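Visitor: Quick one: this structure, given as structure tokens, is what I'll be asking you about.
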Amino acid sequence: MRLVVVPGDGIGPEITAATMAVLRAADMRFGLGLAYQEERAGREAMARDGTSLRPELFQAVKAADGLVLGPVDSIGLGDPSKGEINPSAFFRRKLDLYANLRPARTYPGVRNPLSRDFDLVIVRENTEGFYADRNMEEGNAELRVTPDVVVSLRRITWPCCERIARAAFRLAARRRRKVTAVHKANVLRKGDGMFLEACRTVAKDFPEVTLDTVIVDAMAALLVRDPARFDVVVTTNMFGDILSDLTAELSGSIGLGGSINAGDRYAMAQAAHGSAPDIAGQDRANPISLILSAAMLLAWHAERTGNNAFASASGAIERAVAASVAAGESTRDLGGRLGTAEAGRAIAARVAAS
Ligand code: ATP
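Residue 349 in our numbering is what sits at position 224 of the sequence shown, and the numbering runs on without skipping anything.
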């Protein structure tokens with residue numbers, strides 16, 4: 126499996142180094158044959174190359190089997206004509222990474238704000254919705270109509286609704302067999318109405334999986350009141366973005382928020398959080414978000430290729446993370462005393478011994 130690795134900005138290089146230590150341990154233990162190509166994107170690339178994302182990087186990612194993208198500081202990356210390209214949005218769009226899977230679960234040994242356990246995955250549509258940068262063939266879908274009026278367009282299409290619903294049901298079939306579709310169809314009658322219709326249509330192909338529907342504002346309350354009732358939550362782009370930060374935080378730390386952006390051909394592992402400049406360079410960042418993201422990338426590769434060694438490696442990394450945090454081998458955000466590099470080494474050691 127050939128991986129392109131982009132450390133990114135802020136805490137990116139630190140959590141990427143820790144993730145690499147874990148991937149190397151998994152490679153040795155499970156004989157994966159991983160090959161890495163390290164590349165730059167983001168602020169450092171902007172300074173050195175005059176663009177935050179060189180065309181060569183795009184070619185390299187297309188030729189590889191997966192991308193590990195560290196967090197990139199996207200502030201100041203607003204004008205593509207000046208080489209200011211937001212790598213995260215660029216790859217999601219150009220590689221058609223339509224499914225953003227964001228698991229959130231509690232761990233023994235980690236205090237969470239609710240003091241109750243849950244284990245769910247938010248499946249967020251990634252290629253349209255209320256994201257002005259990806260809705261138009263050309264230009265941006267936010268229009269300043271007059272000096273004091275802005276119109277923001279939200280695009281919803283049947284094929285995108287159907288494929289994200291299918292991704293959610295496939296995932297639920299391997300978990301607790303329950304999908305919750307989150308929407309605002311009482312207001313966005315046509316767009317979210319079609320999203321719900323697509324979910325109900327796909328549900329017919331998965332008779333073993335139950336489907337229920339919840340309005341997004343009620344969902345925010347229910348996630349706090351009773352998160353354990355949810356298994357797989359499927360929703361449109363912006364609702365998924367917002368709810369997944371909530372669920373990451375409810376699980377104990379945003380530093381636990383792993384995610385994968387997957388399409389039919391390509392996938393990108395990416396922490397759910399940003400570049401955290403406030404703690405960059407201090408060996409304090411929790412690397413688990415990116416480590417879990419990389420584990421999801423291995424699982425995605427296993428599913429695509431049928432190579433079970435990758436599924437075993439992915440499961441071993443997840444168990445090593447859980448065992449490490451239960452043993453208190455964790456960073457400060459989880460109440461531990463380890464630095465980023467040490468926390469990564471502790472997880473790598475458990476993978477090697479698995
Ligand atoms: P960006 O502009 O890149 O989105 P940000 O600081 O606005 O960066 P986040 O990076 O998501 O947004 O950080 C939000 C808060 O969570 C910060 O206080 C940050 O220190 C903390 N945080 C984010 N990631 C981690 C992590 N891996 N470990 C510990 N704390 C983290």
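All C-beta atoms, glycine included, are put in the ideal place defined by N, C-alpha and C. These numbers were taken from a predicted model, which means no experiment stands behind them.
How is residue 387 classed by DSSP in three states: helix, strand or coil?
Guide: Stepping through the sequence shown from its first residue, residue 387 is reached at position 262. In this structure, residue 387 counts as strand in the three-state DSSP scheme.
Visitor: For residue 196, is the beta carbon positioned less than 7 Å from some heavy atom of the ligand ATP?
Guide: On the sequence shown, position 71 is the one that residue 196 refers to. Result yes, Cβ under 7 Å from the ligand ATP.
Visitor: Evaluate residue 268 with the Cβ neighbour count: other Cβ atoms within 10 Å of its Cβ, from every protein chain shown; 16 or more gives buried, anything less gives exposed.
Guide: Counted from its first residue, the sequence shown places residue 268 at position 143. Residue 268 should be labelled exposed.
Visitor: Could you name the residues of the same chain whose beta carbon sits closer than 6 Å to that of residue 150, not counting the 5 residues immediately before and after it, in chain order?
Guide: If you number the sequence shown from 1, residue 150 lands on position 25. Correct list, in chain order: 473, 476, 477.
Visitor: Hey, is residue 452 close to the ligand ATP, as in C-beta under 7 Å from one of its heavy atoms?
Guide: Walking along the sequence shown from the start, residue 452 turns up at place 327. Checking the Cβ of residue 452 against the ligand ATP gives no.
Visitor: Measuring alpha carbon to alpha carbon, tell me which residue in 154, 293, 177 is nearest residue 387.
Guide: As a working mapping, residue 387 is identified with position 262 in the sequence shown. Answer by Cα proximity: 293.
Visitor: With a 10 Å radius around its C-beta and 16 neighbouring C-beta atoms as the bar for buried, classify residue 194 as buried or exposed.
Guide: The count along the sequence shown starts at 1 and reaches residue 194 at position 69. Per the 10 Å Cβ criterion, buried.
Visitor: For residue 135, which residues of its own chain have a beta-carbon under 7 Å away from its beta-carbon, when the five flanking residues on both sides are left out?
Guide: Mapped onto the sequence shown, residue 135 falls at position 10. Cβ neighbours of residue 135 within its own chain (closer than 7 Å, five residues either side excluded): 196, 198, 400, 401, 402, 405.
Visitor: Once DSSP output is grouped into helix, strand and coil, what is the label at residue 396?
Guide: On the sequence shown, position 271 is the one that residue 396 refers to. Note: residue 396 maps to coil in three-state DSSP.
Visitor: Measuring alpha carbon to alpha carbon, tell me which residue in 138, 287, 145 is nearest residue 166.
Guide: As a first step, residue 166 is located in the sequence shown; it is residue number 41 there, counting from the start. The option with the nearest alpha carbon to residue 166 is 138.
Visitor: So, with DSSP's three-state summary, where would you put residue 211?
Guide: Counted from its first residue, the sequence shown places residue 211 at position 86. Looking at residue 211 - three-state DSSP - the assignment turns out to be coil, as it is neither helix nor strand.
Visitor: Write down the C-beta distance between residue 436 and residue 222 rounded to the nearest angstrom, noting that I regard them as a contact closer than 8 Å.
Guide: Your numbering for residue 436 matches position 311 in the sequence shown. Your numbering for residue 222 matches position 97 in the sequence shown. The Cβ separation is near 21 Å, so there is no contact.
Visitor: For the ligand ATP, is there any heavy atom lying closer than 7 Å to the beta carbon of residue 210?
Guide: One-based indexing of the sequence shown puts residue 210 at position 85. Checking the Cβ of residue 210 against the ligand ATP gives no.
Visitor: Starting from residue 277, follow the beta strand (DSSP E) in both directions and report where the run begins and ends.
Guide: Walking along the sequence shown from the start, residue 277 turns up at place 152. Taken as a continuous stretch (DSSP letters only), the beta strand (DSSP E) holding residue 277 covers 274-277.
Visitor: Is the beta carbon of residue 227 less than 8 Å from the beta carbon of residue 382?
Guide: Here residue 227 corresponds to residue number 102 of the sequence shown, with the count starting at 1. Here residue 382 corresponds to residue number 257 of the sequence shown, with the count starting at 1. Yes; because the gap between Cβ atoms is below 8 Å, this pair is in contact.
Visitor: Figure out for me which residue from 300, 291, 299 has the closest Cα to the Cα of residue 306.
Guide: As a working note, residue 306 is residue 181 in the sequence shown. Answer by Cα proximity: 291.
Visitor: Can you tell me which of the three DSSP states residue 372 falls into?
Guide: Counting from one through the sequence shown, the residue named residue 372 turns up at place 247. In the structure shown, residue 372 sits in a helix (DSSP, three-state: H, G or I).
Visitor: With H, G and I counted as helix, E and B as strand and the rest as coil, what does DSSP make of residue 311?
Guide: Residue mapping note: residue 311 aligns to position 186 of the sequence shown, counting from 1. Residue state, collapsed to three classes: coil.
Visitor: Do residue 402 and the ligand ZN come close, with the Cβ less than 7 Å from some heavy atom?
Guide: As far as ligands go, the structure on display features the ligand ATP and does not contain the ligand ZN.
Visitor: List in chain order: all unbroken alpha helix (DSSP H) runs of 4+ residues lying wholly within the region 141-181.
Guide: Those alpha helix (DSSP H) runs which fall completely within the region 141-181 and span 4+ residues are 168-174.
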